[in-house]
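Under my numbering, read the sequence shown as residues 151 to 332, first letter to last. Even for Gly, the Cβ is constructed at its ideal location relative to N, Cα and C. Quantities reported herein were computed from a predicted structural model and do not represent experimental measurements.
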Amino acid sequence: MKILFMNWKSYGNEDFLDACKEWKEAGEDLEVKLYPFENTDKRTDPVFEQTFAAALRREKPDFVFSFNFYPLLSLVCNREQVKYVSWVYDCPHISLYSYTLIHPCNYVFVFDSEVYETFARQGIQTVYYLPLAANVKRLDAMEVTGEIWRKYQSRVSFVGQLYHESHTFYDRMEKKLDAYTR
151 MKILFMNWKS YGNEDFLDAC KEWKEAGEDL EVKLYPFENT DKRTDPVFEQ
201 TFAAALRREK PDFVFSFNFY PLLSLVCNRE QVKYVSWVYD CPHISLYSYT
251 LIHPCNYVFV FDSEVYETFA RQGIQTVYYL PLAANVKRLD AMEVTGEIWR
301 KYQSRVSFVG QLYHESHTFY DRMEKKLDAY TR
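Below, the structure is given as structure tokens:
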């Protein structure tokens, strides 16, 4: 299997490449080619479209992989009839609301089940639910000192942001919380 990996400054790059390396070391037939990519929200870019299409024809990957969904990648992959797999870790991820989402080349994985259900209710069959993952081996190897443990220990943690838009998760959640929790 050959993957063309869109290489940009994504949080998951190292962990994804480590997982591929371990898979290959376990005897799987796997080749990962890195393709330099700028994290951009451009919807059209004729120069990129031409060079990326040429790379797809030259490399002949089984699929293209990116963290987060890029309509421009979907556009080119669809034209070239190459599968495009994206794993979205941002929410909301505005790029999902592109007409390119329905391209048959797409396999778009989102971690937010509500986002998945919204698309599924609309009949969009290119979006799938997949929780976020962690490189347990890397995290277990980190040394946590007593000082760090005391600083960050808690019974409940919210990681990330609760967003700044008018449809924030907190606003939806607040109505269901008791007064003490609010």
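Assignment of Ile153 by DSSP, reduced to helix, strand and coil, places it in the strand class. With fewer than three CB-CB distances shorter than 8 Å, the region 159-171 does not count as touching the region 190-210.
Apart from the 5 residues on each side of it in sequence, Ser160 sits with its Cβ closer than 6 Å to the Cβ of Phe217 in its chain, given in chain order. Around the Cβ of Pro211, a 10 Å sphere holds 16 or more other Cβ atoms; the residue is buried. In this structure Leu225 is buried. Its beta-carbon is surrounded by 16 or more other beta-carbon atoms within 10 angstroms. Here the alpha carbons of Tyr279 and Lys152 stand approximately 24 Å from one another. Nearest in C-alpha terms to Asn256, of all of Gln272, Leu222, Pro242 and Glu199, is Leu222. Taking all protein chains in view, the Cβ of Tyr302 is surrounded by fewer than 16 other Cβ atoms within 10 Å, so the residue is classified as exposed. Collapsing the DSSP output to three states places Leu184 in a strand. Rounded to the nearest whole angstrom, the C-alpha separation of Lys174 and Asp328 is 50 Å. Taking each of Cys241, Val235 and Thr295 in turn and checking the Cα distance to Glu264, the smallest one comes out for Cys241.
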